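Asks: Quick one: the structure is below, questions incoming.
In my numbering, the protein residues as written are 82 to 364.
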């Protein structure tokens, strides 16, 4: 019963979110009043097949991470988010866990940055939301790859070009930041499992963790090697949100440069790719 109600709730709330409010392109004939399943899946970082099965009641017991991701993609306020967790048979994460809720005001601010690659992560560097241009720049990320610490120590890394020095600085900053987050949220079981996984499977992470290495994420210029538009050197700034523990990562290009031209080209290519994905469906 709860799963059926969950699916009906997701379907009903999907209808009220216009694609332009989610930074998605509007093109062609649309039967859906709001987001298509493919668009919701893209924004939430899960497969369209799973969204379909959840809505139809064929998938039971969605995880806390899935419910949280769907809530963000559906632009839910605090009360609606709590209701979505309840109909999923879960309790919304509360005090003592790493915050993952993006307020409507922050969401509206991000919606206006359509020409800028922007991503929001929690205090454990798990990607919560990325606008279409950020996804076009960095590629889609699913599962454990959505966590920056796991991706850099155990996963596929990123398209950002590194020197040995910048790689060491990044690794030190990530470990130091994760240690600080663990001290603020000692009861967060998901965070504890992430750290245990990294210490067990990455010698480099374990070495830095056990040595008490200290570093911090700094604003910097990064070169991104993109498979379609080539290399782009961009300024990367990490912003914090007052009253939360979210990190907003913003990439910008210096006006009038070749990098700005390539970023503008990527915005067009990325938009076309999103239209294609929405039309063909996701596997």
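Don't be surprised by glycine CBs; every beta carbon is placed ideally from N, CA and C. Remember, it's a predicted structure, so these values are computed and weren't measured experimentally.
Does the Cβ of residue 305 have 16 or more other Cβ atoms within 10 Å, making it buried, or fewer, making it exposed?
Replies: Residue environment for residue 305: buried (at least 16 other C-beta atoms within 10 angstroms of its C-beta).
Asks: Classify residue 228 as buried or exposed, calling it buried when 16 or more other Cβ atoms lie within 10 Å of its own Cβ.
Replies: buried
Asks: Here's a check: name, in chain order, each residue in its chain whose Cβ is nearer than 6 Å to the Cβ of residue 230, leaving out the five neighbours to either side.
Replies: Setting aside the 5 residues that flank it on each side, residue 230 is surrounded in the same chain by 206, 255, 259, each with a C-beta closer than 6 Å to its C-beta; the list follows chain order.
Asks: Any chance you could list the beta strand (DSSP E) runs of at least 3 consecutive residues sitting entirely within the region 237 to 317, in chain order?
Replies: Within the region 237 to 317, the complete beta strand (DSSP E) runs of at least 3 residues are 301 to 307.
Asks: Using only alpha-carbon positions, find the residue among 115, 331, 201, 181 that is nearest to residue 155.
Replies: Closest by alpha carbon: 115.
Asks: In three-state terms, what does DSSP make of residue 200?
Replies: strand
Asks: Report back the beta-carbon spacing between residue 220 and residue 242 to the nearest angstrom; my notes put them in contact at under 8 Å.
Replies: Their Cβ separation, rounded to whole angstroms, is 14 Å, which puts residue 220 and residue 242 out of contact at 8 Å.
Asks: By the 10 Å Cβ neighbour count, where 16 or more other Cβ atoms means buried, how is residue 292 classified, buried or exposed?
Replies: Sixteen is the threshold: since fewer than 16 other Cβ atoms of the shown chains lie within 10 Å of the Cβ of residue 292, the residue is exposed.
Asks: Taking just the CA atoms, how far does residue 91 sit from residue 100?
Replies: 15 Å
Asks: Quick check on residue 320: buried or exposed, where buried means 16 or more other Cβ atoms within 10 Å of its Cβ?
Replies: By the neighbour-count rule (16 or more Cβ atoms within 10 Å), residue 320 is not buried but exposed.
Asks: Classify residue 96 as buried or exposed, calling it buried when 16 or more other Cβ atoms lie within 10 Å of its own Cβ.
Replies: Counting other Cβ atoms within 10 Å of its Cβ, residue 96 stays below 16 and is therefore classed as exposed.
Asks: Rounding to the nearest angstrom, what Cα-Cα distance links residue 119 and residue 133 in this structure?
Replies: 9 Å
Asks: Expressed to the nearest angstrom, what Euclidean distance is found between the alpha-carbon atoms of residue 253 and residue 275?
Replies: 17 Å
Asks: Is the number of C-beta pairs between the region 272 to 288 and the region 310 to 319 that are closer than 8 Å three or more?
Replies: no
Asks: When the Cβ atoms of the region 211 to 220 are set against those of the region 185 to 199, are three or more pairs found closer than 8 Å?
Replies: yes
Asks: Reducing DSSP to helix, strand and coil, say where residue 46 ends up.
Replies: Residue 46 lies beyond the range of the chain shown here (82 to 364); nothing can be said about it.
Asks: For residue 136, tell me which candidate among 98, 126, 161, 94 has the shortest Cα-Cα distance.
Replies: 94
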